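Chemist: Under the UniProt record's numbering, the letters of the sequence shown match residues 1 to 247, in that order.
Questions regarding the structure given below will be posed in turn.
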Amino acid sequence: MAKKPVAVMRDHPDISRKGIEVEMLNYGVHPSKQQVYRAREKAREEIEGTHAASYSKMPKYAVLLRQSNPGSICKIHYDRPNLLVEPRFLGLFISFKGQKDDFFTGCRPFIGFDGCHLKGSLSGVLLTVVALDANNSIFPIAFVVAEFENKETWSWFFYFFQEFFGPFDNSVPLTFMSDRQKGLNLAYEEMIPLATGRYCCKHICNNFTFQFPGLLLDSLFWKVSKSYDAIGYNEAMASIKDMNVEA
């Protein structure tokens, strides 16, 4: 049954479950919802391969990346206690030479970090590192795939980040912005102590308005955040205090 959707999924990889069901009805097959789901997953596996197979190809990918993009970095982190056991993937760090060059020639020393969970049977997290260019647009400078998001992962990341982009000194006043990811602050304070830490106002605002709801308080929060001098900041803070002392 799984072979029937393969042809249509090659042309329409995002086809819905209902679409596959209609396609199978054309063959005189009346599948259940569970059968359609399994058929779609098996067909996708036949077309794209498995996640495990993809991870096993990473060493070859790293070699090809460095050959085709001289000056780039692609580091793979494995856990392998001895040669008698198969290595277990822990992390991947990628940054292209073009990203490095453009960061130094066209971006501010203001770096943001964010992450998301990876879908699939093997889970994991994707961590993205971005900078701001002259147009205030986001410019990605590095990517990390890791098992977990914690201090150990971020320390591993900053080791190669500093190796590739550093060394850093007082002549480059780096600022790191985050939404308080697990272990991030502890890692960069230890690995790159000269960097200054800042928190994403959007995430702070979400926490603030959850505890103190209201459009006016939300507006005043952003007025405080965007104040460029002490007078504007104090005025906005006074307005918040007038509305809610606890806020």
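No residue lacks a Cβ here, since even glycine has one placed at the ideal position from N, Cα and C.
Please read all numbers here as calculations on a predicted model, not as lab measurements.
Using beta-carbon positions only, say whether C200 and F221 come within less than 7 angstroms of one another.
Modeler: Indexing the sequence shown from 1 puts residue 200 at position 200. Indexing the sequence shown from 1 puts residue 221 at position 221. Result no, Cβ atoms of C200 and F221 do not sit closer than 7 angstroms.
Chemist: Please say whether K75 and F96 have beta carbons closer to each other than 7 angstroms?
Modeler: Sequence index remark: in the sequence shown, residue 96 carries index 96 (1-based). Sequence index remark: in the sequence shown, residue 75 carries index 75 (1-based). Taking a C-beta distance under 7 angstroms as the contact criterion, F96 and K75 do not qualify as a contact pair.
Chemist: Return yes when the Cβ of K151 is within less than 7 angstroms of the Cβ of G120, no when it is not.
Modeler: Residue 120 sits at position 120 when you count from the first residue of the sequence shown. Residue 151 sits at position 151 when you count from the first residue of the sequence shown. No, the Cβ-Cβ distance between G120 and K151 is not below 7 angstroms.
Chemist: Who are the near neighbours of G49 in its chain, counting only those whose CB is closer than 8 angstroms to its CB and skipping five residues on each side?
Modeler: In the sequence shown, residue 49 corresponds to position 49, counting from 1. Answer for G49: no residue qualifies.
Chemist: Quick check on this structure: which residue in Y228, I231, L217, S227 has the alpha carbon closest to the alpha carbon of M243?
Modeler: For this step, residue 243 is matched to residue 243 along the sequence shown. Out of Y228, I231, L217, S227, L217 has the C-alpha closest to the C-alpha of M243.
Chemist: For the region 105-116 against the region 171-178, are there 3 or more C-beta pairs whose distance is under 8 angstroms?
Modeler: yes
Chemist: To the nearest whole angstrom, what separates the beta carbons of G124 and A142, a pair I think is in contact under 8 angstroms?
Modeler: In the sequence shown, the residue the question calls residue 124 occupies position 124. In the sequence shown, the residue the question calls residue 142 occupies position 142. G124 to A142, Cβ: 17 angstroms. No contact.
Chemist: Tell whether a beta-carbon distance below 7 angstroms holds between A187 and F158.
Modeler: As a position in the sequence shown, residue 187 is number 187, starting the count at 1. As a position in the sequence shown, residue 158 is number 158, starting the count at 1. Yes.
Chemist: Hey, R66 and R40 are a contact pair by Cβ (cut 8 angstroms); roughly how many whole angstroms apart?
Modeler: Residue numbering aside, residue 66 sits at position 66 when the sequence shown is read from its first letter. Residue numbering aside, residue 40 sits at position 40 when the sequence shown is read from its first letter. The C-beta distance from R66 to R40 rounds to 36 angstroms, too long to fall under 8 angstroms, and the pair is not in contact.
Chemist: Rounded to a whole number of angstroms, what is the C-alpha to C-alpha distance between F165 and K100?
Modeler: Residue numbering aside, residue 165 sits at position 165 when the sequence shown is read from its first letter. Residue numbering aside, residue 100 sits at position 100 when the sequence shown is read from its first letter. Rounded to whole angstroms, F165 to K100 spans 7 angstroms at the Cα level.
Chemist: Applying the criterion that 16 or more other CB atoms from any shown protein chain within 10 Å of the CB defines a buried residue, is P81 buried or exposed?
Modeler: Taking the sequence shown and counting its residues from 1, one reaches residue 81 at position 81. P81 comes out exposed.
Chemist: Could you pull out every unbroken alpha helix (DSSP H) segment of at least 4 residues lying fully inside the region 28-53, listed in chain order?
Modeler: 33-48
Chemist: Which of the three DSSP states, helix, strand or coil, is assigned to V85?
Modeler: Within the sequence shown, numbered from 1, the residue matching residue 85 stands at position 85. V85 falls in the coil class under three-state DSSP.
Chemist: Considering only the alpha carbon of each residue, which of K223, Y228, D229, A230 lies closest to S239?
Modeler: For the purposes of this step, residue 239 is taken as residue 239 along the sequence shown, with counting starting at 1. Nearest C-alpha to S239: K223.
Chemist: Going by the beta-carbon positions, is the gap between G115 and L127 smaller than 7 angstroms?
Modeler: The residue you call residue 115 lines up with position 115 of the sequence shown. The residue you call residue 127 lines up with position 127 of the sequence shown. Cβ distance < 7 angstroms, so G115 and L127 count as in contact.
Chemist: Compare the beta carbon distance of E23 and V8 with 7 angstroms and say whether it is the shorter of the two.
Modeler: Here residue 23 refers to the residue found at position 23 of the sequence shown. Here residue 8 refers to the residue found at position 8 of the sequence shown. Cβ atoms of E23 and V8: closer than 7 angstroms.
Chemist: By how many angstroms is the C-alpha of F139 removed from the C-alpha of P31?
Modeler: Translated into positions along the sequence shown, residue 31 becomes position 31. Translated into positions along the sequence shown, residue 139 becomes position 139. Approximately 46 angstroms between the Cα atoms of the pair.
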